[in-house]
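Quick note, the sequence shown lines up with residues 0 to 389 if you use numbering that gives the first Met the number 0.
For each residue, glycine too, the CB sits at the ideal point set by N, CA and C.
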Amino acid sequence: MFNALSRQPDDALLALIGLYKQDPRPGKVDLGVGVYRDEEGRTPVFRAVKEAERRLLEGQDSKAYLGLEGDALYLERLWSLVGGPEGTRVSAAGVQTPGGSGALRLAADLVLRGGARRILVGQPTWPNHVGIFAAAGLEVVSHPFFDTAGQTVLFDSMAAAFEAASPGDVALLHGSCHNPTGAPLSLDQWRTLAAILERRGVLPLVDLAYQGFGRGLDEDAAGLRHLIGAVPETLVAVSSSKSFGLYRERTGAIFAVAARQDAAELAKSNLMGLARTSYSMPPDHGAAVVRTILDDEALARDWTAELDGMRARIIGIRRKLAAGLAGSFPALAAVAEQEGMFSLLPLTEAEVLRLRADHAIYMPTSGRINIAGLKTAEVDGVVAKFAALR
Ligand code: PLP
Ligand code: TYF
0 MFNALSRQPD DALLALIGLY KQDPRPGKVD LGVGVYRDEE GRTPVFRAVK
50 EAERRLLEGQ DSKAYLGLEG DALYLERLWS LVGGPEGTRV SAAGVQTPGG
100 SGALRLAADL VLRGGARRIL VGQPTWPNHV GIFAAAGLEV VSHPFFDTAG
150 QTVLFDSMAA AFEAASPGDV ALLHGSCHNP TGAPLSLDQW RTLAAILERR
200 GVLPLVDLAY QGFGRGLDED AAGLRHLIGA VPETLVAVSS SKSFGLYRER
250 TGAIFAVAAR QDAAELAKSN LMGLARTSYS MPPDHGAAVV RTILDDEALA
300 RDWTAELDGM RARIIGIRRK LAAGLAGSFP ALAAVAEQEG MFSLLPLTEA
350 EVLRLRADHA IYMPTSGRIN IAGLKTAEVD GVVAKFAALR
């Protein structure tokens, strides 16, 4: 039977990890896959994570199943972090998932079961969005979101696409730190979109994968917090991979938000049923770590402080990079205003490949760069190589 299968293309972002590793040149620069890196190029384990793991190692007295929902206290604390005060004014019911990806897949399965057939997705987006939704059986309907040459959000086109949607459609929104553009939506724009979604009867699915990496933990959730109060139902897919540095532990959650608790619980019961016929129960460790941190004031404070430091480093690199690039690429002054790990450079595929071949600067052919892949001392050299392209 295996002979009947055809070879599948590699994930371009994950394949880049291997290409970079194999490159023997000293001074190579990795602007590829979206993991945070510090000034030494390391992806550190948060101090609070290490301490939580120590406590778990000593205190955990069973590995027995927790059940389909996962860790209830993790879900409660995580929802407080995501929903803030606004989250207490709506009804939310969550299920722990294997990463944000697992949350997105369960969300897609749920809306299909609820009768949805189409999901509106702005382009460009994280390629796995399209893959996950299509694999679940949704029709992915794309609209333009970003003008790369001008580095501007095409808000009118996004609003028009939402206006043209049918009741029962689903619309994907990036909670903050848009992947791949870093382009922020203002709170006014969130308000406008929320009003359209409410009027058109379209269900928003918010992907929150980088809370704390843009402007701050609360600031990065502000749009979503407005949205949950403005529409009758929302799905929120949360990833703890970046915000807690737990990438390989596969830690996330899907929250169904509704005006009434019974509606949210109905969604949750279906989410658990869908999980049961897929992977059954989620992995425990990452969620136990997050729960331990968020349930302890001192650990939570230390986690926030470390996250604040990461965000400050990214903002600093953004400013230096934007100032350097503005001469040769005037539109890239916008890189300083963009948020999170990514910006999308207006480079051709040939230019990206030339940077890779000639200068060992690695990024996917889309031109997306991971800002956190740059050390402060590397910025000027990288800017010079970009400038030489034009
Ligand atoms: N959504 C976006 C936009 C992402 O960039 C990621 C990153 O990996 C995810 C969701 C899900 O991440 P994970 O499944 O590793 O938690
Ligand atoms: O966009 C990124 O780089 C991150 C990490 O299949 C990632 O979201 C990339 C590809 C992939 C899974 C995660």
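Burial state of residue i, where buried means 16 or more other Cβ atoms lie within 10 Å
{"i": "threonine 250", "result": "buried"}
{"i": "leucine 18", "result": "exposed"}
{"i": "phenylalanine 1", "result": "exposed"}
{"i": "threonine 276", "result": "exposed"}
{"i": "glycine 462", "result": "It is not possible to answer for residue 462, since the shown part of the chain is limited to 0 through 389."}
{"i": "tyrosine 35", "result": "buried"}
{"i": "arginine 46", "result": "exposed"}
{"i": "aspartate 168", "result": "buried"}
{"i": "alanine 182", "result": "buried"}
{"i": "proline 97", "result": "buried"}
{"i": "aspartate 393", "result": "What the structure shows of the chain is the stretch from 0 to 389, and residue 393 is not part of that stretch, so it cannot be assessed."}
{"i": "lysine 49", "result": "exposed"}
{"i": "threonine 87", "result": "exposed"}
{"i": "glycine 82", "result": "buried"}
{"i": "threonine 375", "result": "exposed"}
{"i": "valine 351", "result": "buried"}
{"i": "serine 5", "result": "exposed"}
{"i": "glutamate 57", "result": "exposed"}
{"i": "leucine 137", "result": "buried"}
{"i": "leucine 186", "result": "exposed"}
{"i": "glycine 339", "result": "buried"}
{"i": "lysine 62", "result": "exposed"}
For residue j and residue i, the rounded distance between their alpha carbons
{"i": "arginine 224", "j": "methionine 362", "result": "33 Å"}
{"i": "proline 281", "j": "aspartate 294", "result": "20 Å"}
{"i": "leucine 74", "j": "serine 279", "result": "17 Å"}
{"i": "arginine 199", "j": "valine 140", "result": "16 Å"}
{"i": "alanine 383", "j": "alanine 14", "result": "26 Å"}
{"i": "alanine 71", "j": "arginine 300", "result": "22 Å"}
{"i": "glutamate 248", "j": "alanine 333", "result": "34 Å"}
{"i": "glycine 244", "j": "valine 256", "result": "26 Å"}
{"i": "alanine 330", "j": "phenylalanine 341", "result": "16 Å"}
{"i": "lysine 20", "j": "leucine 306", "result": "27 Å"}
{"i": "aspartate 10", "j": "leucine 354", "result": "20 Å"}
{"i": "threonine 191", "j": "arginine 214", "result": "21 Å"}
{"i": "valine 152", "j": "leucine 184", "result": "8 Å"}
{"i": "glycine 113", "j": "proline 166", "result": "12 Å"}
{"i": "alanine 286", "j": "glycine 380", "result": "40 Å"}
{"i": "threonine 303", "j": "serine 79", "result": "14 Å"}
Sub-9 Å separation of residue i and residue j beta-carbons
{"i": "proline 84", "j": "proline 123", "result": "no"}
{"i": "aspartate 219", "j": "leucine 207", "result": "yes"}
{"i": "leucine 298", "j": "proline 126", "result": "no"}
{"i": "glycine 372", "j": "aspartate 29", "result": "yes"}
{"i": "isoleucine 227", "j": "alanine 91", "result": "yes"}
{"i": "threonine 42", "j": "tyrosine 209", "result": "no"}
{"i": "glutamine 150", "j": "glutamine 337", "result": "yes"}
{"i": "leucine 324", "j": "alanine 386", "result": "yes"}
{"i": "valine 289", "j": "serine 239", "result": "yes"}
{"i": "serine 327", "j": "arginine 367", "result": "no"}
{"i": "leucine 270", "j": "valine 230", "result": "no"}
{"i": "serine 175", "j": "phenylalanine 212", "result": "yes"}
{"i": "leucine 204", "j": "alanine 170", "result": "yes"}
heavy atom of the ligand FAD below 8 Å from residue i C-beta
{"i": "arginine 41", "result": "Absence of the ligand FAD from the depicted structure is noted, with the ligand PLP and the ligand TYF being the only ligands included."}
Inset, instruction - Decide yes or no for the touch test of the region 100 to 110 against the region 309 to 324: beta carbon pairs closer than 8 Å, at least 3 of them. - result: no
Legend entry - Any heavy atom of the ligand TYF within less than 6 Å of residue CB: hits in chain order: Asp10, Leu12, Leu13, Val32, Gly33, Trp125, Asn127 and Asn178
Legend entry - Segment contact, 8 Å Cβ cut-off, at least three pairs: the region 301 to 311 with the region 255 to 270: no
Legend entry - Touch test, the region 152 to 167 against the region 338 to 346, Cβ-Cβ under 8 Å, three pairs minimum: no
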